[in-house]
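Read top to bottom, the protein sequences are chains A and B. Reading the first sequence from the start, the letters are residues 126 to 240 in the numbering used here. Reading the second sequence from the start, the letters are residues 13 to 127 in the numbering used here. All remarks here apply to the structure that follows.
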Amino acid sequence: AQSVAQPEDQVNVAEGNPLTVKCTYSVSGNPYLFWYVQYPNRGLQFLLKYITGDNLVKGSYGFEAEFNKSQTSFHLKKPSALVSDSALYFCAVRARRYNFNKFYFGSGTKLNVKP
Amino acid sequence: DTEVTQTPKHLVMGMTNKKSLKCEQHMGHRAMYWYKQKAKKPPELMFVYSYEKLSINESVPSRFSPECPNSSLLNLHLHALQPEDSALYLCASSPGLAGGTDTQYFGPGTRLTVL
Chain A
126 AQSVAQPEDQ VNVAEGNPLT VKCTYSVSGN PYLFWYVQYP NRGLQFLLKY
176 ITGDNLVKGS YGFEAEFNKS QTSFHLKKPS ALVSDSALYF CAVRARRYNF
226 NKFYFGSGTK LNVKP
Chain B
13 DTEVTQTPKH LVMGMTNKKS LKCEQHMGHR AMYWYKQKAK KPPELMFVYS
63 YEKLSINESV PSRFSPECPN SSLLNLHLHA LQPEDSALYL CASSPGLAGG
113 TDTQYFGPGT RLTVL
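Rendered as C-alpha cells:
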C-alpha cells in the first residue's frame with residue numbers, strides 16, 4: 126500500500142535557525158515525492174518535487190529537500206527560518222492506482238517560527 | 013502562470029439549496045481534480061477528470077455532482093448537502109503527463125458552510 130508519514134504534528138523553531146520537516150514514504154515502484162505549503166484559508170502551494178537524479182532538490186522560497194532511498198525519507202529543510210515560513214506543510218507521494226496516478230498526502234506538519 | 017482560480021471564495025447554504033462551485037485554469041492542463049479538506053487535515057481526493065472525462069470518483073455521495081464543460085473549466089454541483097459537508101473545497105490541475113511526474117497546482121479553495 127502507498128503511504129506517507131509525517132511523524133511530527135508540529136515543529137517549533139526560532140527565526141534564523143535551520144528547520145527540518147520530516148517525511149517518510151512507502152510506495153511500490155519509483156517514488157515521485159512532493160512538498161506543498163498551505164497558509165491559513167488558502168490552497169496548497171507547490172514547493173518542490175523529486176522525480177529522479179540528484180538527491181538534493183532545491184525549491185521555492187529557499188527550501189530544499191533530501192531524498193534518501195535507503196531510509197525512504199524526503200525531509201524538507203531550510204538553512205535559516207523566517208517568521209513568514211510559519212504554515213502547514215504537506216508531503217505527498219504520487220503513485221499508481223488503477224489506471225491513474227494519485228497523490229497520497231501525509232497528515233501535515235504545522236511549522237511555527239518564532240521571532 | 014500557474015494559477016487556478018475558484019469561485020466563490022465563501023459559500024453558505026442550507027441543506028435544501030442547490031449551488032455550484034467553479035474552477036478555471038488557463039495553463040493548458042488536461043487533468044483537473046476536486047478535493048475536500050477539513051481543518052488541519054490533508055486534502056481528500058473526490059474526483060479526477062482527465063481529458064474532460066471522469067477518471068476517478070472516490071465513492072463520493074451523489075449529492076456532489078462534478079462537471080467538466082471544457083478543458084479549462086471544472087464545476088462541482090451541490091444539492092441536499094449535510095452540515096458535515098462543511099469544508100474547504102480545493103480544485104487542482106496538472107498537465108496530464110503520463111508516468112506520474114505531474115505536479116498538481118491548487119486553487120485557493122471555496123470555504124463551504126452548510127447550515
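We put the CB at the ideal spot given by N, CA and C, even for glycine.
Counting only C-beta atoms, is L102/B closer than 8 Å to chain A at any point?
Translated into the one-based positions of the second sequence, residue 102/B becomes position 90. It does; some Cβ of chain A falls within 8 Å.
Tell me, please, whether the CB atom of G241/A is closer than 8 Å to any CB atom in chain B?
With chain A covering 126 to 240 only, the question about residue 241/A has no answer from this structure.
Hey, quick one: how far does the beta strand (DSSP E) through S151/A stretch, first residue to last?
Sequence index remark: in the first sequence, residue 151/A carries index 26 (1-based). Element bounds for S151/A: T149 to S151.
Using only the alpha-carbon positions, how far apart do F236/A and F228/A sit?
Position 111 of the first sequence, counted from the start, is the residue given in the question as residue 236/A. Position 103 of the first sequence, counted from the start, is the residue given in the question as residue 228/A. Note that residue 236/A is Leu in the sequence shown here, rather than Phe. Answer to the nearest angstrom: the Cα atoms are 22 Å apart.
The segment 43-66 of chain B: positions lying closer than 8 Å to chain A by Cβ
K52, K53, P54, P55, L57, V60 and S62
Continuous beta strand (DSSP E) stretch holding F171/A: start and end:
Here residue 171/A corresponds to residue number 46 of the first sequence, with the count starting at 1. Taken as a continuous stretch (DSSP letters only), the beta strand (DSSP E) holding F171/A covers L169 to Y175.
If we define contact as Cβ-Cβ less than 8 Å, is F215/A a contact residue for chain B?
Counted from its first residue, the first sequence places residue 215/A at position 90. Yes, because at least one Cβ of chain B sits closer than 8 Å to the Cβ of F215/A.
Confirm, please, whether the CB-CB distance from T197/A to S153/A is below 8 Å.
Looking up residue 153/A in the first sequence gives position 28. Looking up residue 197/A in the first sequence gives position 72. No, these two residues do not count as a Cβ contact at 8 Å.
For L102/B and Y47/B, what's the separation of their Cα atoms in angstroms?
If you number the second sequence from 1, residue 102/B lands on position 90. If you number the second sequence from 1, residue 47/B lands on position 35. L102/B and Y47/B: Cα-Cα distance of roughly 5 Å.
Top-ranked residue by Cα proximity to A185/A, from F192/A, L172/A and S232/A:
To locate residue 185/A, count along the first sequence from 1; it is residue 60. It is worth fixing the name first, because residue 185/A is Ser in this sequence and not Ala. Answer by Cα proximity: L172/A.
Chain-ordered residues of the segment 113-124 of chain B with a beta carbon less than 8 Å from chain A
T113, D114, T115, Q116, Y117, F118, G119, P120, G121 and R123
Going by DSSP in three states, P78/B sits in which element: helix, strand or coil?
Position 66 of the second sequence holds residue 78/B. Residue state, collapsed to three classes: strand.
If we cut at 8 Å on Cβ distances, does F171/A have a partner in chain B?
Residue mapping note: residue 171/A aligns to position 46 of the first sequence, counting from 1. It does; some Cβ of chain B falls within 8 Å.
Beta-carbon within less than 7 Å of L181/A's beta-carbon, same chain only, minus the 5 sequence neighbours each way: which residues are those?
The residue labelled residue 181/A in the question sits at position 56 within the first sequence. The answer, listed in chain order, is E189 and E191.
Which of the three DSSP states, helix, strand or coil, is assigned to E133/A?
Along the first sequence, read from residue 1 onward, the residue named residue 133/A stands at position 8. E133/A: coil per DSSP, three-state reduction.
Mark M44/B as exposed unless 16 or more other C-beta atoms lie within 10 angstroms of its C-beta, in which case mark it buried.
Along the second sequence, one-based indexing puts residue 44/B at 32. The residue in question, M44/B, is buried, as its Cβ has 16 or more Cβ neighbours within 10 Å.
Using DSSP with H/G/I as helix, E/B as strand and the rest coil, what is V72/B?
By one-based count along the second sequence, residue 72/B stands at place 60. For V72/B, the three-state secondary structure derived from DSSP is coil.
Between S205/A and the rest of its own chain, which residues show a CB-CB distance below 6 Å, the 5 nearest in sequence each way excluded?
Reading the first sequence from its first residue, position 80 is the one you call residue 205/A. Cβ neighbours of S205/A beyond the five flanking positions: G141.
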